[in-house]
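Numbering (this note's numbering), first residue to last: 212 to 632.
Beta carbons: idealized from backbone N, C-alpha and C, even for Gly.
To start, the structure itself, in structure tokens.
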Amino acid sequence: MQCKYNSDSQSSQLYSRSKEALFFSCTNKSVEFAISLPRITTIPFPYFLFLFLFLVRSIIIIHSVISNTTLAMASAASPSEITSIKAFAESNGSSPIPSTYHSLTEPRDDVADHLACSIPVIDFSHLTSHDPQIHASTVHQLANACAQWGFFLLTNHGISEKLMEEVMEKSHEFHNLPLEEKEEFADKGPLTAIRHGTSFHPQAEKLHYWRDYLKVITLPQFNFPHKPPGYKEIAFEYSRKIRGVARELLKGISESLGLDAESIIESTGFDSGLQIFAVNLYPPCPEPDLAVGLPPHSDHGLLTLLTQNGIGGLQVKHTGKWVNVNPLPNCLIVNTGDQLEAVSNGRYKSVMHRAVLNNRDTRISLVLVNGPDLDKEIGPALGLLEKEDPLFKTMKYRDYFEIQQMTRFAYKSGLDEIRLN
212 MQCKYNSDSQ SSQLYSRSKE ALFFSCTNKS VEFAISLPRI TTIPFPYFLF LFLFLVRSII
272 IIHSVISNTT LAMASAASPS EITSIKAFAE SNGSSPIPST YHSLTEPRDD VADHLACSIP
332 VIDFSHLTSH DPQIHASTVH QLANACAQWG FFLLTNHGIS EKLMEEVMEK SHEFHNLPLE
392 EKEEFADKGP LTAIRHGTSF HPQAEKLHYW RDYLKVITLP QFNFPHKPPG YKEIAFEYSR
452 KIRGVARELL KGISESLGLD AESIIESTGF DSGLQIFAVN LYPPCPEPDL AVGLPPHSDH
512 GLLTLLTQNG IGGLQVKHTG KWVNVNPLPN CLIVNTGDQL EAVSNGRYKS VMHRAVLNNR
572 DTRISLVLVN GPDLDKEIGP ALGLLEKEDP LFKTMKYRDY FEIQQMTRFA YKSGLDEIRL
632 N
């Protein structure tokens, strides 16, 4: 094909070597098109320019279609290939989620909103009061909360609002790091010091959960990521203050069971025990009625202390109904774990809870699980067995933890392993 410009007639002469027609073609991967034009011998320059621009625009449109198709194929990655639900959600937009994320096994509308205001509230400053009457009254409230709910809100806990905001901000910064910067923390097992991942074990799971996580063992030895800057120092201070609050709560719980204040702390080796610092991130989900952040489960430790970024989603099961948890400003959310149910010989139940999703806001929960010494044999407190038979056999906490992690979210499967009746 030749293009010749005639300056005398101010027109362009377009010649074709073909006697029948002029063909333009473009091939990009599997896409091919052709434009057939009638045989033309002379085209005024403005029309030639229009034709040229039309062809360029057509090529651009087809290239865009191919690019969008490639992106769509990427966003439709197999769930086992998803290494971050945050990154997937950002690329997937409002498109339907993969079917393996249809993990909501109980309806969201089975919620008793009228019970939300009945969640117990414990004033920590009253528990630590030197006034015997105030202290005794709060111990009684603590006993009722653990026996009836296994769950309560803790106010006046002594941890500054500034520190709580800082640790939440740094936790968000960690999850916003590029994926390649978090690869060194890839999850290699439940007792790995620092682990980052999504769902639980996407390669092996049939159902997947809409969350990314960071989990760090902060006691008995402190471990923590070196990024983002300042996170490690803030997390150290926060984790130690949480441990102090948990210790005081266990003293009150011991008293509520009729035991010495230090009984549970000593029998479980709490002062050399395990603490896991976990940050769960739940991005907006386009189909929140199908997916779930975390399914119904109980925690493996003694006490779990939690705070969140102001976005709701935590639900606790009470009298067979799910109850939304609407925390008070600057409060901690506390729930009892499997080890406390065993130590109390079943008087205090480890509570079932779950994390539901929304399609608008990212929710972040900061969870600190406080447990016994990993090498301690844990079972019902001896002081309770003077008047009642044991409901649980003893088991080393390390073994219990591994069983609970292997079965993950089977309904209290760990406790079933040590239950005697």
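If you count every other CB in all the chains shown that lies within 10 Å of the CB of Cys328, and 16 or more means buried, which is it?
exposed
Measure the alpha-carbon distance for Gly548 versus Lys604 and round it to whole angstroms.
16 Å
Applying the criterion that 16 or more other CB atoms from any shown protein chain within 10 Å of the CB defines a buried residue, is Gln432 buried or exposed?
exposed
Within its chain, find whatever has a CB closer than 8 Å to the CB of Gln526; leave out the 5 residues flanking it on each side and keep chain order.
Val322, Trp533, Val534, Asn535, Val536, His564, Arg565, Ala566 and Val567
Start-to-end residues for the beta strand (DSSP E) that takes in Gly648
Here the chain comprises residues numbered 212 to 632, so residue 648 is not present and cannot be evaluated.
Could you check what DSSP says for Tyr611 in three-state terms: helix, strand or coil?
helix
As assigned by DSSP and simplified to three states, the class of Arg574:
strand
Using three-state DSSP, classify Asn279 as helix, strand or coil.
The pLDDT assigned to Asn279 is 49, lower than 50, so where the model puts this residue is not dependable; a value taken from the coordinates is nonetheless given after this. Asn279 falls in the helix class under three-state DSSP.
Spatial neighbours of Ser241 in its chain, beta-carbon cut-off 6 Å, leaving aside the 5 residues before and after
Bear in mind that the predicted position of Ser241 carries a pLDDT of just 43, short of 50, making it too unreliable to give a figure here.
For the beta strand (DSSP E) containing Ile522, name the first residue and the last one.
Unbroken run through Ile522: none, as it is neither H nor E.
Taking C-alpha atoms, which residue in Leu266, Leu264, Ala298 and Glu292 lies nearest to Cys496?
Ala298
In the DSSP assignment, what residue or residues form a beta bridge with Asp423?
Thr409 and Leu492
With distances taken Cα to Cα, identify the nearest neighbour of Trp360 among Ser302, Glu477, Asp584 and Gly531.
Gly531
Reduced DSSP secondary structure (H/G/I, E/B, other) of Ile544:
strand
Would you tell me roughly how many angstroms separate the C-alpha atoms of Glu552 and Gly484, rounded to the nearest one?
17 Å
Put Asn367 into one of helix, strand or coil per three-state DSSP.
coil
Over what stretch of residues does the beta strand (DSSP E) that includes His564 continue unbroken?
His564 to Ala566
Assuming Leu517 contacts Leu577 (C-beta within less than 8 Å), just tell me the rounded distance between them.
7 Å
Leaving aside the five residues before and after His368 along the sequence, list all residues of the same chain whose C-beta is less than 7 Å from its C-beta, in chain order.
Phe335, Val456 and Leu543
Three-state class that DSSP yields for Thr294 in the structure shown
coil
Which two residues bound the contiguous beta strand (DSSP E) that contains Asp334?
Val332 to Asp334
Tell me the rounded alpha-carbon separation between Arg574 and Leu505.
12 Å
So what does DSSP say about Thr238, is it helix, strand or coil?
With a pLDDT of 43 at Thr238, under the threshold of 50, the predicted position of this residue should be treated as unreliable, and no value is reported.
Thr281 classed as buried or exposed, judged by whether at least 16 other C-beta atoms fall within 10 angstroms:
Only weak support exists for where Thr281 lies, its pLDDT of 38 falling under 50; the coordinates are left without a value.
Given a cut-off of 9 Å on the beta-carbon distance, is the pair Lys426 and Phe385 in contact?
no
7 Å CB neighbourhood of His313 in its chain, flanking five on each side removed:
Leu501 and Ala502
So for Phe433, helix, strand or coil by DSSP?
coil
If you count every other CB in all the chains shown that lies within 10 Å of the CB of Met634, and 16 or more means buried, which is it?
Because the chain in this structure spans residues 212 to 632, residue 634 falls outside the shown range and cannot be described.
Which residue comes first and which comes last in the alpha helix (DSSP H) that contains Asn556?
Note, Asn556: premise wrong, no alpha helix (DSSP H); not H, not E.
With DSSP as the reference, identify every bridge partner of Ala397, one or two as the case may be.
His407
Member of Val350, Leu326, Gly590 and Ser269 whose CA lies at the smallest distance from the CA of Glu459:
Val350
Excluding sequence positions up to five away, which residues of its chain have a Cβ less than 6 Å from the Cβ of Ala354?
Ser467
Would you mind stating whether Tyr559 and Gly582 have Cβ atoms separated by less than 9 Å?
no
Pull up the DSSP beta-bridge partners for Leu388, would you.
Partner(s): none; Leu388 has no beta bridge.
Looking only at its chain, what residues have a beta carbon closer than 6 Å to the beta carbon of Glu588, apart from the 5 residues adjacent to it on each side?
Thr605 and Lys607
Assuming contact is defined by CB atoms lying nearer than 9 Å, are Phe481 and Asp584 in contact in what I supplied?
yes
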